[in-house]
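What follows is one structure encoded as structure tokens, with my remarks underneath.
2 protein chains.
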Amino acid sequence: MRLKDLGERRIITEIRRRLGGRRRKDVRLGMGDDAAVVRSPKNLVITSDLLVEDYDFRKALHPPRLLGRKSLNVNLSDIAAMGGRPLHAVLGLALPRQTDWKWLSEFFRGFREASHRARVVLVGGDFSEARRIMISVTVTGSAETFVPRSRARPGDFIYVSGSLGDAAAGLRLLKSGRRRGKGRAVSPLLKAFLDPAPRLELGSLLARKKLASAMIDVSDGLTIDLTHICEESEVGAEVELCRIPLSGALRRFSKNPLPLALNGGEDFELLFTVRPGDVPRLRRLSRRFKITAIGRITAGNRILAVDAAGRKKPLKIRGYEHFKS
Amino acid sequence: MRLKDLGERRIITEIRRRLGGRRRKDVRLGMGDDAAVVRSPKNLVITSDLLVEDYDFRKALHPPRLLGRKSLNVNLSDIAAMGGRPLHAVLGLALPRQTDWKWLSEFFRGFREASHRARVVLVGGDFSEARRIMISVTVTGSAETFVPRSRARPGDFIYVSGSLGDAAAGLRLLKSGRRRGKGRAVSPLLKAFLDPAPRLELGSLLARKKLASAMIDVSDGLTIDLTHICEESEVGAEVELCRIPLSGALRRFSKNPLPLALNGGEDFELLFTVRPGDVPRLRRLSRRFKITAIGRITAGNRILAVDAAGRKKPLKIRGYEHFKS
């Protein structure tokens, strides 16, 4: 069964049935009217992400269920980076008429899994035809205290959650045709790219406890995202290369994993800065969350890499590899 | 100058410079962070629309400035249909690398015109590459009282603002190659399709004064949109065909304009129902707004057209003509 056999009305009815939620008290009017009406927090966080076929994902390589999860989760990662709590989502979907109903059904399943997990209610959206799949998700949330990119100060410690470079390695595996993990070694790398997890709990804690002075999620790669923090805060930084957290899977994948960790994008880990006086309080969190200090914020505007011998070199900005067609 | 010569960062900087607004007090954090943070009303209205090249518009036929306006205004029309007041917008834009910078610049100009006019602040967005242009706009607003589709009752009068069918005629003109008006006769029809105006003031008044019992904007065509009201309200309707408001331009364009007015989409007029006891209060608004009573809500679920001789026939649902490729 393909979409063209269903018609737009049936598709919208299905979206509503499978994904629409009016059950929560804060949703006064859910999907199916001209607009949704929700009870809103005073401080509303809004973010939006596009996923375009052949640029941000390849249909043949991305299982639709995981794509559904990722299309919401990349937005939740932005909410996490503000220290917010997600509440409502809106889904815009443009699909070719030839799209298989089974594909869409699996996409919905994944989207629903991610929204249930984060307690996000889908309240609206739009549907259109297109030659290539285009997914546009907007998420709103609350943030009584929020963490911008612009408040890092010289002397702050630079931290990152999780490990870096796995998603970029996963993307390379996919591009080289090694889709399925041969044994356990590669599957975490594929998962990092295909099915990233937003760091909502950590982000929200860092904001509520006022532990992070500046924060961003690593979506364009550590180098670019650290540059964003430095530019917005008008500071520089020194990153100790030997402290960059690398997974065992990444080390097994590559003899030279550092470039992937520095420039590979889509890690969706949190990169944040912490005032020296707050470091002891932060360390208590490290029992529950994997966080690593990777450097310090400096005065000026230079972003330097420090190698194991203590030599300093400018950290080169290199864009990460998308799919290209 | 084409986008590929600029790079994504420069494009985002330009979007921020040309469209971003942090100036208003309710915007605590505007474009340029992971997410925007705004002061929100208690009752938040959210709506989202996609415009896809070759399906919803043709690049060669739609001046980019007017497309920029339309991409916001179709969302504002949804806010109007809830009786809301728009506040903030988020813009997702996927563009081919070959896109001319001049095109994008004109698009931004139109978007800014529409947002200034409605006092909407662009607070965020995303940018990606694509083979065809894809525009995704999400708008939030406030609505202390809002009007759903679901509260029409038998006996209510059915009203529509403005006149119907002009946009469908404009689309036909464009498709047949008559892009520029030869004289004054066709230009309002082209304008209706290329540059529709949202009925924000009327929608908001109807909600605040509790004059409308149910409301929708006419985007899929009168027949389909009236069907939405009837289905959601579990009622029927009778529409008097001779009362459908038709513009002089439409009458000059076609000897048989009624099908265009009944099934043509994208009018972006307001279709609403009014309790009989509220009609005298509503009439006072007709000095400021063009509104026309076109029928009554009935018990049951049949939607009937009544001709000049009083004969009743079921109103046929026909989808309106998109661009197709």
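From first to last, the protein sequence lines stand for chains Z and W.
Here the numbering used here is used: the first residue of the first sequence is 77, the next is one more, and so on.
Here the numbering used here is used: the first residue of the second sequence is 77, the next is one more, and so on.
Note that beta-carbon positions come from the ideal geometry of N, C-alpha and C, so glycine has one too.
Bear in mind the structure is a predicted one, so any value in this text is a computation, not a measurement.
Check each candidate in the options and name the one with the smallest Cα separation from residue i.
i, options, result
"W/S280", "W/A219, W/A273, W/S295", "W/A219"
"Z/P264", "Z/R208, Z/W177, Z/G324", "Z/G324"
"Z/L278", "Z/I91, Z/I155, Z/R78, Z/P139", "Z/I155"
"Z/F187", "Z/L169, Z/D176, Z/T175, Z/Q174", "Z/L169"
"Z/I122", "W/G201, W/R145, W/R141, W/D176", "W/G201"
"Z/G340", "Z/D296, Z/L361, Z/K286, Z/E308", "Z/D296"
"W/G231", "W/D354, W/L105, W/L180, W/R363", "W/D354"
"W/W179", "W/A112, W/I305, W/H138", "W/H138"
"Z/R195", "Z/E182, Z/T175, Z/P162, Z/S226", "Z/P162"
"W/L322", "W/E342, W/D242, W/R394, W/T299", "W/D242"
"W/P333", "W/D109, W/K101, W/R248, W/W177", "W/R248"
"Z/L298", "Z/E310, Z/L391, Z/R363", "Z/L391"
"W/R351", "W/S239, W/L270, W/A190, W/K286", "W/K286"
"W/V197", "W/R100, W/D176, W/T175", "W/R100"
"Z/E308", "Z/G253, Z/R225, Z/R254", "Z/R225"
"Z/Q174", "Z/D81, Z/K146, Z/E189, Z/R193", "Z/D81"
"W/S181", "W/R254, W/R86, W/S362", "W/R86"
Quick one: residues in its chain with C-beta nearer than 7 Å to the C-beta of residue i, no 5 flanking neighbours on either side, listed in chain order?
i, result
"W/G257", "Interpretation of W/G257 is limited by its pLDDT of 49, a score under 50 that renders its predicted location unreliable; the figure taken from the coordinates is listed afterwards. So the qualifying residues of the chain are S263, L266."
"W/R104", "V113, V114, R115"
"W/I88", "F203"
"W/T216", "L120, V121, I122, L163, H164"
"W/F365", "S237, L278"
"Z/H304", "R225, I292"
Among the residues of its own chain, which have a CB less than 6 Å from the CB of residue i, if the five just before and after it don't count?
i, result
"W/A245", "L265, L326, F329, L336"
"Z/A369", "F233, Y235"
"W/I91", "none"
"Z/S24", "This structure gives no information on residue 24 of chain Z, because the portion of chain Z shown stretches from 77 to 401."
"Z/I367", "Y235, S237"
"W/G386", "none"
"W/D301", "I292, V294, L347"
"W/G108", "R92"
"W/D102", "V114, R115"
Please look up how many angstroms separate the CB atoms of residue i and residue j, rounded, as I've assumed it's under 8 Å.
i, j, result
"W/V223", "W/L127", "Contact doesn't hold; Cβ gap of about 25 Å is too wide."
"W/T349", "W/A228", "4 Å"
"Z/T221", "Z/E314", "Actually they are not in contact, since the Cβ atoms of Z/T221 and Z/E314 sit about 28 Å apart, beyond 8 Å."
"W/S289", "Z/P117", "That belief does not hold up - the Cβ atoms of W/S289 and Z/P117 are roughly 30 Å apart, past 8 Å."
"Z/G159", "Z/M291", "7 Å"
"W/L142", "W/A165", "Between W/A165 and W/L142 the Cβ distance is about 17 Å, and since that is not below 8 Å, they are no contact."
"Z/A382", "Z/E316", "Contrary to the premise, residue 382 of chain Z reads as Val rather than Ala in this sequence. Confirmed, Cβ separation roughly 5 Å."
"W/R94", "W/F183", "At roughly 10 Å, the Cβ-Cβ gap does not stay under 8 Å, so W/R94 and W/F183 are not in contact."
"W/N151", "W/D132", "That pair is no contact at about 13 Å."
"Z/I320", "Z/L270", "Incorrect: roughly 23 Å between the Cβ atoms, too far for contact."
"Z/P272", "Z/E342", "7 Å"
Within a Cβ cutoff of 8 Å, which residues of the same chain sit near residue i, ignoring the five residues on either side of it in sequence?
i, result
"Z/P172", "L79, E205, A206, R207, R208, I209"
"Z/C306", "A228, G312, A313, I373, N377, I379"
"Z/E129", "K135, R208, I209, M210"
"W/M77", "D176, W177, K178"
"Z/K357", "One point to set straight first is that residue 357 of chain Z is Arg, not Lys, in the sequence displayed. Around Z/R357: K285, L287."
"W/G371", "F233, I234, A313, E314, V315, E316, R319, V382"
Compute every distance between the C-beta of residue i and the non-hydrogen atoms of the ligand GDP, then say whether any falls below 7 Å.
i, result
"Z/R185", "As for the ligand GDP, it is missing from this structure, which has no ligand bound."
Which parts of the stretch 297–354 of chain W are runs of the beta strand (DSSP E), unbroken and 3 residues or longer, counting only runs that do not cross its ends?
-> Complete beta strand (DSSP E) runs here, min 3: 312–316, 346–350.
Between the stretch 194–210 of chain Z and chain W, which residues of the former have a C-beta closer than 8 Å to a C-beta of the latter?
-> V199, G200, G201, D202, F203, S204, E205, A206, R207, R208, M210
Anything in the stretch 115–132 of chain Z with a Cβ closer than 7 Å to a Cβ of chain W? List those residues in chain order, please.
-> The stretch 115–132 of chain Z vs chain W, Cβ under 7 Å: R115, S116, P117, K118, N119, L120, V121, I122, T123, S124, D125, L126, V128, Y131, D132.
Could you run through the stretch 91–114 of chain W and flag, in chain order, every residue whose CB is less than 9 Å away from some CB of chain Z?
-> Cβ contacts with chain Z: R104, L105, G108, D109, D110, A111, A112, V113, V114.
Scan the stretch 163–179 of chain Z for residues whose Cβ lies nearer than 9 Å to a Cβ of chain W and list them as they occur along the chain.
-> H164, V166, L167, G168, L169, A170
Identify every run of the alpha helix (DSSP H) within the stretch 224–255 of chain Z, keeping only runs that are complete inside it and at least 4 residues long; order them along the chain.
-> 242–251
Going along the chain, which residues of the stretch 289–305 of chain Z sit with their C-beta nearer than 7 Å to a C-beta in chain W?
-> I292, D293
May I have a chain-ordered list of the beta strand (DSSP E) segments no shorter than 3 residues that lie completely inside the stretch 154–193 of chain W?
-> 161–171
Name the residues in the stretch 144–160 of chain W whose C-beta lies less than 9 Å from a C-beta of chain Z; which are they?
-> N151, S153, D154, I155, A156, A157, M158, G160
Select from the stretch 266–284 of chain Z all residues with a C-beta closer than 8 Å to any C-beta belonging to chain W, and list them in chain order.
-> none
Pull out every residue of the stretch 328–348 of chain Z whose Cβ sits closer than 9 Å to any Cβ of chain W, in chain order.
-> none
Given a limit of 7 Å on CB to CB distance, which residues of the stretch 219–251 of chain W reach chain Z?
-> Within the stretch 219–251 of chain W, the qualifying residues are A219, F222, P224, R225.
When you check each C-beta in the stretch 348–371 of chain W against every C-beta of chain Z, which residues fall closer than 8 Å?
-> Within the stretch 348–371 of chain W, no residue has a Cβ that lies closer than 8 Å to any Cβ of chain Z.
Would you list, in sequence order, the uninterrupted beta strand (DSSP E) runs of no fewer than 3 residues that lie entirely inside the stretch 92–150 of chain W?
-> 103–105, 112–115, 119–128
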